[in-house]
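What follows is a short report on a single structure.
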Amino acid sequence: MLRAALGVVPRRRPSTLPALTLEQAGAAVDREHLAAYDRVCGFRLSDQLPPTYPHVLAFPLAMRLLTAPDFPFPAVGLVHIANRITVHRPLTAEMSLDLAVHATDLRPHERGRQVDVVTSAAVDGATVWTSVSTYLSRSPSTGAAVTPPPTKAGEPSAVWFVPARVGSDYAAVSGDRNPIHTSRIGARLFGFPKPIAHGMWSLARCLAALEGRLPGSCTVDVRFQRPILLPARVRFAYADGHFALTGKKPHLAGQVTPA
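Following the UniProt record's numbering, the numbering of the sequence shown begins with 1 at its first residue and continues without gaps.
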């Protein structure tokens, strides 16, 4: 996070992505950490890994990539706008995961430029989990954005109160201590009146609500639409594989499909 903070100092940056893949062999799951993650995100305590959990295992690698000197944007200020996770087979705490992270597909967005950070986890050489996180670097208009899909999740079936501590609690279990999530001052520096919930927490909370209904192998697509200002009251909806989280405005919309 210190390297990320130093990255906001103005300097000349490259216009292309680094040809770099960061790897970590044999990443083990700490069951105490897994239990803490489950509690913060609303999952049942279990040895089965939530679909979002490998994201936090690989977060240190992703941060090293995003804070590399030859990355075209500063990490602080990047906006996580979409995510696609594919679970190729059920994952458990006994597995030792080989992780790899790289960036690809730098392209225009109506509010700047966007890039995909691709993460994979393998066991004995076979890929068991992949994730594509799309980040936006805001700048003057450089092209057109993909229009978010309409919400197809139907009417809300649950109302959740999201306390202010979710920002710091998720930061503790994820390692993502971006001040927009944990500090009112930090949030205001980036244009938010209050700290906002992590996008990956809101996705994990939605998937926790679907525990027992998710296929063992599946793909989860989500678009993050509006940040959740903490504290908040949000409404969850799910129908025919589509899910949504809304408040006064839509926060996210996603879909689960069998892989």
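No residue lacks a Cβ here, since even glycine has one placed at the ideal position from N, Cα and C.
When DSSP states are grouped into helix, strand and coil, I185 belongs to the helix group. For L136 against L49, the beta-carbon gap comes to about 28 Å, at or over 8 Å, which does not count as contact. Here L214 has P51, L207 and V256 as same chain residues with Cβ atoms under 8 Å from its own Cβ, once five neighbours each way along the sequence are excluded. S120 places its beta carbon less than 7 Å from that of T130. In the structure shown, F192 adopts coil according to DSSP, grouped into three states. For P250, the uninterrupted beta strand (DSSP E) segment begins and ends at P250 to P258.
Cα atoms of Y238 and R31: separation of roughly 30 Å, rounded to the nearest angstrom.
If the five residues before and after G186 are omitted, its C-beta is found closer than 6 Å to the C-beta atoms of P179 and I180, all from its own chain and listed in chain order. Straight-line spacing of the CA atoms in A158 and P108 works out to 37 Å.
In this structure, R226 lies near K249, with their beta-carbon atoms less than 7 Å apart.
With contacts defined as CB atoms closer than 7 Å, Q114 and T86 fail to qualify as a contacting pair. Sequence-distant partners of A27 (beyond 5 residues in either direction) whose C-beta falls short of 6 Å from its own C-beta, in its chain, are L57, L97 and L99. Counting only the Cα atoms, F192 lies some 21 Å from A253. Under a 10 Å Cβ-count criterion, S174 is classified as buried, with 16 or more other Cβ atoms of the shown protein chains found around its own Cβ. For G154, there is no enclosing alpha helix (DSSP H), since its DSSP letter is neither H nor E. Sixteen is the threshold: since fewer than 16 other Cβ atoms of the shown chains lie within 10 Å of the Cβ of S217, the residue is exposed. Secondary structure at S139: coil, using DSSP grouped into helix, strand and coil.
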